[in-house]
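J.: Here's a structure for you.
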Amino acid sequence: MYFVESILKKKDKKIKLITVRNKKNMEVKFLNYGAAIVEILVPDRYGNIENVVLTYENIEDYIENPSYFGVTVGRTSGRIANGRFMLDGKIYNLNRNFGINHGHGGTTGFSFRIWDYNIIERETATSVEFTYFSKDMEENYPGNLYVKVTYTLTDNNELLIEYEGNTDKKTICNLTNHSYFNLSGNYKRKITEQYLKIKASSYLELDNNQIPTGKFIDVKNTPMDFNEAKLIGKDIHKDYPQLKIANGYDHVWILSEIKNQIEMYDKFSGRKMVINTTYPSVVVYSHNFSNGEKLKYGKVGSKHDGICFETQYEPDGINHDSLNSAILDVNEKYYEKTELKFDIETL
Numbered sequence: 001m002y003f004v005e006s007i008l009k010k011k012d013k014k015i016k017l018i019t020v021r022n023k024k025n026m027e028v029k030f031l032n033y034g035a036a037i038v039e040i041l042v043p044d045r046y047g048n049i050e051n052v053v054l055t056y057e058n059i060e061d062y063i064e065n066p067s068y069f070g071v072t073v074g075r076t077s078g079r080i081a082n083g084r085f086m087l088d089g090k091i092y093n094l095n096r097n098f099g100i101n102h103g104h105g106g107t108t109g110f111s112f113r114i115w116d117y118n119i120i121e122r123e124t125a126t127s128v129e130f131t132y133f134s135k136d137m138e139e140n141y142p143g144n145l146y147v148k149v150t151y152t153l154t155d156n157n158e159l160l161i162e163y164e165g166n167t168d169k170k171t172i173c174n175l176t177n178h179s180y181f182n183l184s185g186n187y188k189r190k191i192t193e194q195y196l197k198i199k200a201s202s203y204l205e206l207d208n209n210q211i212p213t214g215k216f217i218d219v220k221n222t223p224m225d226f227n228e229a230k231l232i233g234k235d236i237h238k239d240y241p242q243l244k245i246a247n248g249y250d251h252v253w254i255l256s257e258i259k260n261q262i263e264m265y266d267k268f269s270g271r272k273m274v275i276n277t278t279y280p281s282v283v284v285y286s287h288n289f290s291n292g293e294k295l296k297y298g299k300v301g302s303k304h305d306g307i308c309f310e311t312q313y314e315p316d317g318i319n320h321d322s323l324n325s326a327i328l329d330v331n332e333k334y335y336e337k338t339e340l341k342f343d344i345e346t347l
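Printed below as a string of structure tokens:
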């Protein structure tokens, strides 16, 4: 089941709110602006259906959206050092919108574009396909790039995200979603009170500008070790140089397994989310800097009230021989998938 309503206009184009509901009353709301996830409503162990992602109180706030709530990020995710990269001997200078660096595709990246959409209903699932055509040299990236992001809500309370793309000129492409999760329901509690497990034996060291150095660090005996489930807040304030650089977690974990790679759990509500992805890594961001966002339910955004799981190729990989370059060549097909499974653990 789905509903579509026009809610805003931007440059004479309509921004639509798309609501998809499955047979178990799980509901996901999307915007065609930024191909964004606006709300994910799932039950707790007592049957209360509540929102588990941070949502602006006013839908207009998704236009500027400095915190990137729920949006698709592209052409590239994360930071690119000094806003520049070399491809086939040519240097490309990108917009420096994250201090001295380029971040999340630039000021007019995919998060701030109106996407076309198509809805496909099937017996046990409903898909929303968002498509966007990024012209050659948009944000100074080479190549005409066609991208498609497909969200599929199944009757098993799974939300599948598929990323596809192709280009007519060699370019770089690294797509992700920037939803902030909080399984307590309507942000009752901080994410520091919720449990996290990440199957990863190493993470990427960051320099003082939060750019990966290319060095892989063993998570063992560090606050970055989530191989056994622990409270997100257990080590987040530890006296550890990497945590000080980011004011919390905002790091790249190299995923070491292919099943149940990431698990988040709230013991009070019983809600559990399991994430699996074809991407090699995930940037976990613990909302270390809040803009005091006006959130739904009359709340004001603050530090650690959401957490992002940005599955992707390692950011700034194009500038490091040791990392995935995120290069997409002509006649290659870009395809990656991330699956979110929502469940309940009973007492």
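Start counting the sequence shown at 1; every next residue gets the next number (full-length UniProt numbering).
All C-beta atoms, glycine included, are put in the ideal place defined by N, C-alpha and C.
(1) Where in the region 53-129 do unbroken runs of the beta strand (DSSP E), each at least 3 residues long, occur, reported from the N-terminal end onward?
(2) On a CA-only basis, which of I80, S202, E27 and R271 is nearest N221? Give me that one, please.
(3) With a threshold of 8 Å, are at least 3 pairs of Cβ atoms found where one atom belongs to the region 136-150 and the other to the region 42-55?
(4) Among the residues of its own chain, which have a CB less than 6 Å from the CB of N247, if the five just before and after it don't count?
(5) Along the alpha helix (DSSP H) that carries residue 399, what are the first and last residues, could you check?
(6) Exposed or buried, what is E5 when buried is set at 16 or more other beta-carbons lying within 10 Å of its beta-carbon?
(7) Relative to the C-alpha of N174, which residue among Q210, E60, T72 and K188 is closest?
(8) Measure the C-alpha to C-alpha separation of K299 and F268 and round it to an integer number of angstroms.
(9) Could you tell me which residues DSSP pairs with S36 in its beta bridges?
(10) Using the rule of at least 16 other Cβ atoms within 10 Å of the residue's Cβ for burial, across every protein chain shown, is V330 buried or exposed?
(11) Report yes or no: do three or more beta-carbon pairs, one from the region 182-201 and one from the region 222-230, lie closer than 8 Å?
(12) Which full runs of the beta strand (DSSP E) of 3+ residues lie inside the region 164-206, going along the chain?
(13) Any chance you could list the alpha helix (DSSP H) runs of at least 4 consecutive residues sitting entirely within the region 222-291, in chain order?
(14) Going by the CB atoms, is the gap between P223 and Y240 shorter than 8 Å?
(15) Could you check whether Y279 and E205 sit closer than 8 Å to each other, using their CB atoms as the reference points?
(16) Measuring only the C-alpha atoms, how far is G105 from S256?
T.: So, from the data block:
(1) 84-87, 90-93 and 116-121
(2) S202
(3) no
(4) N288
(5) With the chain represented from 1 up to 347, any question about residue 399 goes unanswered, as that position is not in the structure.
(6) exposed
(7) T72
(8) 20 Å
(9) Here residue 36 is Ala; the residue named in the question, Ser, does not match the sequence. Answer by DSSP bridge pairing, in chain order: L31.
(10) exposed
(11) yes
(12) 195-198 and 200-206
(13) 241-246
(14) yes
(15) no
(16) 27 Å
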